[in-house]
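Shown next, in the form of structure tokens:
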């Protein structure tokens, strides 16, 4: 009986170690996608948009998220249900989040639902390097480093509803930020392709932009609209 008990204890310890190992492995990742979206393109589509309860956002790119990814193109998600979003952890960042990471989903909201989704789906997968406060603060800092609107307007690419060369848009952002972006398009209510989201890659510490190991799937046309907002 003592021998069997010893085997049982060892088996339990092995299972515990395996579960801990799996949990730590589930949070390993290779790099981040840092994704910003143009609000004019979010709203100028068949899908409705609603301004936040704090009012219409600035005519600037807004943060969508900071997403851990693997070099094979896959990504982890919802890594730690035991770490739900805690609003108190970002109390000092709220005003900056409302300005730089606004929600455009309907019905109008204050951003909490949006930020909760981003933390629980993506942020919990980066806990090995960024706790909740650091995750949001790091993302806000990245937006300041990558001023997409300035990079585009400096190259004569303006949110005026006109069409611009996709290659010129990529070049303008690369010249401004230092790294090649991935451009995601959506379609306006008339079916025209338009500049929607810009992906940049960040090292797995969240510190620096890097060359993207892999780009997402998707393709824009050679000429795309940059709608007003």
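In mature numbering (1 follows the signal peptide of the UniProt record, and there is no 0), the protein residues as written are -23 to -1, 1 to 206.
Just so you know, even glycine gets a beta-carbon here, dropped at the ideal spot from N, CA and C.
Could you spell out where the alpha helix (DSSP H) holding residue 191 opens and where it closes? Taken as a continuous stretch (DSSP letters only), residue 191 belongs to no alpha helix (DSSP H), as it is neither H nor E.
On the premise that residue 116 lies in contact with residue 43, defined as a C-beta separation below 8 Å, what is that separation, rounded to the nearest angstrom? About 4 Å; that satisfies the 8 Å criterion.
Give the DSSP-derived three-state secondary structure of residue 176 in the structure shown. If DSSP states are grouped into helix, strand and coil, residue 176 belongs with the strands.
Cutting at 7 Å between CB atoms, please list the residues of its own chain near residue 45, excluding the five before and the five after it. Taking residue 45 as the centre and dropping the five residues before and after it, the same chain places the C-beta of 6, 9, 52, 53, 99, 102, 103 closer than 7 Å to its C-beta, in chain order.
Whether residue 171 touches residue 63 by CB criterion (9 Å): Contact: no.
Could you check the C-alpha separation between residue 65 and residue 109 for me, to the nearest Å? Distance from the CA of residue 65 to the CA of residue 109, rounded to the nearest whole angstrom, comes to 10 Å.
Should the stretch 155 to 175 be called in touch with the stretch 22 to 42, which here means at least 3 C-beta pairs below 8 Å? Verdict: yes, contact present.
Measure the alpha-carbon distance for residue 120 versus residue 167 and round it to whole angstroms. Cα to Cα, residue 120 sits roughly 31 Å from residue 167.
Straight-line gap, residue 75 to residue 199 (C-alpha atoms, nearest Å): If you draw a straight line from the Cα of residue 75 to the Cα of residue 199, it comes to about 34 Å.
Say the cut is 8 Å; is the CB of residue 16 nearer than that to a heavy atom of the ligand SAM? Looking for the ligand SAM in the displayed structure turns up nothing, as the structure carries no ligands at all.
Coarse secondary structure for residue 184, derived from DSSP in three states: Secondary structure of residue 184 (DSSP, three-state): coil.
Could you pull the start and end residues of the beta strand (DSSP E) that residue 201 belongs to? Start and end: 200 to 202.
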